[in-house]
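**Student:** Residue numbers (our numbering): 1490 to 1669.
Please see the structure below; I have some questions.
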Ligand code: SF4
Ligand code: SF4
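What follows is the structure in C-alpha cells.
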C-alpha cells in the first residue's frame, strides 16, 4: 500500500511517474486490444501536428474490447455495436517495440496539448452519469499519491469542469452524442 503524500498541485507528477512506472503512454502487447480507440477527428489533429510519423495502428474489435467499451459507456451499447462491428478493426496510437506510444519522447509527449487525443488529456479521470470518477491504475502516480478524486484533480491542477468538458469532447468525437 502507498501512503498518500500530496494534495498540492504538482506539475511534475507525470514526469516523476515516468521515472518509476511505464505511465499511461505504455501498453503491454496483450493489452493493446483494450487501448482506447482513436477517432477520425482525433487522428486528424495528431497527424496534422506530426505529419511524418507513422502513428496509427489498427487492431481487431475483439469481444473483450467491445465488453470494455460497454462497461465504460453503459448507455451507449447500440452506438458501440454500430461503430465497432465484430470482425472489423479500430484505430489506436501505434506503440514501439517496447510498448510505448510512438509520440512519447524522453521529454514527454511530442504532441502539443491541443493535438493530443482526448483520452490522453482525460486520464486518469472518467465520468459515470453525473459522477466524476477515476481509474484505479497501479502504475499511475496520481492514483498512488491521492485518495480522492478531489485530491487527484488538485495534484494535476485540474478541475471538475475541465474533466467533464474533456469527457464530452471524447464522447462527441465518437458520435455517442448523436441521436440514433
Ligand atoms: S499521444 Fe502523447 S500523451 Fe497520448 S499516449 Fe502518446 S505520448 Fe502519451
Ligand atoms: S496520468 Fe498517471 S499514469 Fe499518466 S503519466 Fe501522469 S501519473 Fe503517470
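Just so it is clear, CB atoms sit at the ideal spot from N, CA and C, and this is done for glycine as well.
Since the structure is predicted, the reported quantities are computational estimates derived from the model, not experimental observations.
With burial defined as no fewer than 16 other Cβ atoms inside 10 Å of the residue's Cβ, what is the status of residue 1554: buried or exposed?
**Tutor:** Buried, because 16 or more other Cβ atoms sit within 10 Å of the Cβ of residue 1554.
**Student:** Rounded to whole angstroms, what is the Cα-Cα separation between residue 1645 and residue 1651?
**Tutor:** Using only the alpha carbons, I get a separation of about 12 Å.
**Student:** Since residue 1620 is in the beta strand (DSSP E), which residue starts that stretch and which ends it?
**Tutor:** That run of the beta strand (DSSP E) goes 1620-1623.
**Student:** With DSSP as the reference, label residue 1663 as helix, strand or coil.
**Tutor:** Three-state DSSP puts residue 1663 in coil, outside helix and strand.
**Student:** Where does residue 1549 sit, in a helix, a strand or coil, going by DSSP?
**Tutor:** Correct three-state label for residue 1549: strand.
**Student:** Report all residues from its chain with a CB closer than 6 Å to the CB of residue 1606; omit the five preceding and five following residues, and keep chain order.
**Tutor:** Once the five neighbours on either side are set aside, the close Cβ partners of residue 1606 are 1527, 1531.
**Student:** Sorted by chain position, which residues of the same chain lie with C-beta nearer than 7 Å to residue 1490's C-beta, five sequence neighbours on each side aside?
**Tutor:** Residue confidence for residue 1490 is low, a pLDDT of 48 falling below 50, so the modelled location carries little weight; the figure read from the coordinates is stated next. Same-chain partners within the cutoff: there are none.
**Student:** What number of angstroms, rounded off, separates the C-alpha of residue 1536 from the C-alpha of residue 1546?
**Tutor:** So the alpha carbons of these two residues sit roughly 13 Å apart.
**Student:** Pick from 1498, 1514, 1497: whose alpha carbon is nearest that of residue 1597?
**Tutor:** Residue 1514 is the option with its Cα nearest to residue 1597.
**Student:** Would you check if the distance between the CB atom of residue 1629 and the CB atom of residue 1581 is smaller than 7 Å?
**Tutor:** Going by C-beta atoms, residue 1629 is not nearer than 7 Å to residue 1581.
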